[in-house]
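Taking it in order: structure first as structure tokens, then the write-up.
2 protein chains.
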Amino acid sequence: MRSGEYSTTIEVPESSAVAKGKAPLMAAVVHQEQAGWKRGVSIMDFILRLGAIVAALAAASVMGTSDETLPFFTQFFQFQASYDDLPTFQFFVIAMAIVAGYLVLSLPLSIVSIVRPHAAGPRLLLLILDTVALTLNTSAGAAAAAIVYLAHNGNSNTNWLAICQQFGDFCQKVSGAVVASFISVVAFIFLILLSALAIRKP
Amino acid sequence: MRSGEYSTTIEVPESSAVAKGKAPLMAAVVHQEQAGWKRGVSIMDFILRLGAIVAALAAASVMGTSDETLPFFTQFFQFQASYDDLPTFQFFVIAMAIVAGYLVLSLPLSIVSIVRPHAAGPRLLLLILDTVALTLNTSAGAAAAAIVYLAHNGNSNTNWLAICQQFGDFCQKVSGAVVASFISVVAFIFLILLSALAIRKP
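Quick mapping for you: the protein sequence lines, in order, are chains W and D. Sequential numbering from 1 applies to the first sequence in the UniProt record's numbering. Sequential numbering from 1 applies to the second sequence in the UniProt record's numbering.
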């Protein structure tokens with residue numbers, strides 16, 4: 001009877017030891033799976049970032065090189081349009097250059113979160129910086145879009161005349177730059193979404 | 001010697017049982033502490049949202065009621081400026097109304113995350129919707145700011161004349177609306193930051 005008592009009391013720790021042995025094992029498997037999933041998210045993040053760099057650089061450079069000189073001129077005056085003429089376009093070039101520079105500098109952080117999928121710090125930092133960059137990018141794109149709209153259509157109520165009849169090539173280049181900046185805005189929204197999804201689970 | 005062996009093997013499960021009894025207790029305490037911290041974040045989220053609603057509504061309504069009729073007129077023409085005259089300002093009013101509406105509708109979700117601090121779903125949804133609303137809000141504010149700048153300063157290169165000398169009150173109201181919209185942009189950035197911080201820890 002006593003030995004039977006002992007055997008039962010010994011069995012309990014044994015089974016609990018087995019359960020203890022299994023629990024960390026299963027936890028490790030789940031951990032591993034989550035690591036794979038998070039690594040996949042990080043790789044998508046990296047690729048999206050490369051795409052956003054291309055879009056931001058294209059926007060800045062197309063706007064920066066947009067000037068057009070008309071083939072006719074008077075004795076005292078040559079008709080020329082350049083992004084320098086409008087302060088909004090200058091802001092656009094500077095802002096998009098800053099955004100592109102930030103994106104290049106954020107690549108190492110993105111690589112860190114590929115190598116260490118469970119580190120929440122780099123992702124959180126990226127999410128916050130991405131939000132600020134998104135705001136800068138959107139404001140540059142929207143302000144330039146408002147001016148481009150005015151250049152295309154003019155406004156009769158305020159007597160602002162459309163200039164795109166005269167400077168067609170200039171207007172086309174500027175419109176292209178605005179479109180590129182909005183592509184980079186969409187990329188930023190997806191980047192923030194990815195970061196949030198990856199941060200959610202520990 | 002044998003009984004000594006037994007006594008040691010029995011001691012082990014006993015101590016492990018004590019450790020097991022303690023571990024969930026401490027985990028519960030940590031859980032409780034995190035719940036308090038997360039609830040605090042959610043309450044700040046709620047208050048920030050109320051502030052953003054006020055700013056967005058102020059922006060939409062100030063812009064929407066901005067029209068000015070000059071006290072002199074000719075036989076055929078009365079000089080009048082209103083937000084209707086510029087498509088960008090119409091977009092501003094619509095966008096800020098949508099943002100204010102979204103903010104009001106997001107209050108219940110914010111309350112849910114006060115009541116249930118550990119639910120990650122509502123926070124994630126809020127973060128994503130906030131990002132989209134931030135983009136809309138920023139684009140409306142930046143586009144209106146570009147036009148307001150033009151109305152104040154004009155542009156000699158494109159022969160767009162400043163209209164604020166004539167319509168001073170109109171310009172002041174419009175500028176106020178733009179400032180209010182940027183206050184709501186800042187509130188959104190902080191809302192996203194708070195959501196990200198709260199999502200990070202499970």
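Heads up, the beta-carbon is just placed ideally off N, CA and C, and yes, glycines get one too. Note that this is a predicted model, so its numbers are computed, not measured.
Could you tell me the boundaries of the alpha helix (DSSP H) in which residue i lies?
i, result
"residue 200(D)", "168-200"
"residue 152(W)", "120-153"
What does the Cβ neighbour count give for residue i, buried or exposed, with the cut at 16 atoms within 10 Å?
i, result
"residue 169(W)", "exposed"
"residue 167(D)", "buried"
"residue 2(W)", "With a pLDDT of only 49 at residue 2(W), under 50, the local geometry of the prediction cannot be trusted, and the value read off the model is given with reservation. Per the 10 Å Cβ criterion, exposed."
"residue 199(W)", "buried"
"residue 92(W)", "buried"
"residue 63(D)", "buried"
"residue 188(W)", "buried"
"residue 122(D)", "buried"
"residue 26(D)", "exposed"
"residue 28(W)", "exposed"
"residue 55(D)", "buried"
"residue 148(D)", "buried"
"residue 134(D)", "buried"
"residue 69(W)", "exposed"
"residue 146(W)", "buried"
"residue 107(D)", "exposed"
"residue 127(D)", "buried"
"residue 105(D)", "exposed"
Helix, strand or coil: which one does DSSP assign to residue i?
i, result
"residue 81(D)", "strand"
"residue 161(D)", "coil"
"residue 86(W)", "coil"
"residue 108(D)", "helix"
"residue 113(W)", "helix"
Using only the alpha-carbon positions, how far apart do residue i and residue j sit?
i, j, result
"residue 90(W)", "residue 184(W)", "18 Å"
"residue 19(W)", "residue 118(W)", "Confidence is the limiting factor: at residue 19(W) the pLDDT is only 49, short of 50, which leaves the residue's position unreliable, though a coordinate-based value still follows. Cα to Cα, the separation comes out at about 26 Å."
"residue 160(W)", "residue 144(D)", "16 Å"
"residue 85(W)", "residue 190(W)", "34 Å"
"residue 179(D)", "residue 171(D)", "12 Å"
"residue 136(D)", "residue 47(W)", "25 Å"
"residue 124(D)", "residue 94(D)", "26 Å"
"residue 156(W)", "residue 181(D)", "27 Å"
"residue 132(W)", "residue 109(D)", "24 Å"
"residue 115(W)", "residue 65(W)", "39 Å"
"residue 141(D)", "residue 82(D)", "18 Å"
"residue 194(W)", "residue 45(W)", "7 Å"
"residue 31(D)", "residue 120(D)", "14 Å"
"residue 165(W)", "residue 80(D)", "28 Å"
"residue 173(D)", "residue 59(D)", "10 Å"
"residue 87(W)", "residue 150(D)", "9 Å"
"residue 36(W)", "residue 96(W)", "34 Å"
"residue 163(W)", "residue 41(D)", "51 Å"
"residue 153(D)", "residue 39(D)", "48 Å"
"residue 61(W)", "residue 33(D)", "51 Å"
"residue 53(D)", "residue 103(D)", "6 Å"
"residue 51(D)", "residue 67(W)", "44 Å"
"residue 111(D)", "residue 49(D)", "11 Å"
"residue 43(D)", "residue 192(D)", "14 Å"
"residue 113(D)", "residue 186(W)", "28 Å"
"residue 158(D)", "residue 175(W)", "17 Å"
"residue 99(W)", "residue 57(W)", "9 Å"
"residue 138(W)", "residue 129(W)", "14 Å"
Quiz item: Which runs of the beta strand (DSSP E), 3 residues or longer, sit entirely within the segment 23-74 of chain W?
Solution: You should have 67-73.
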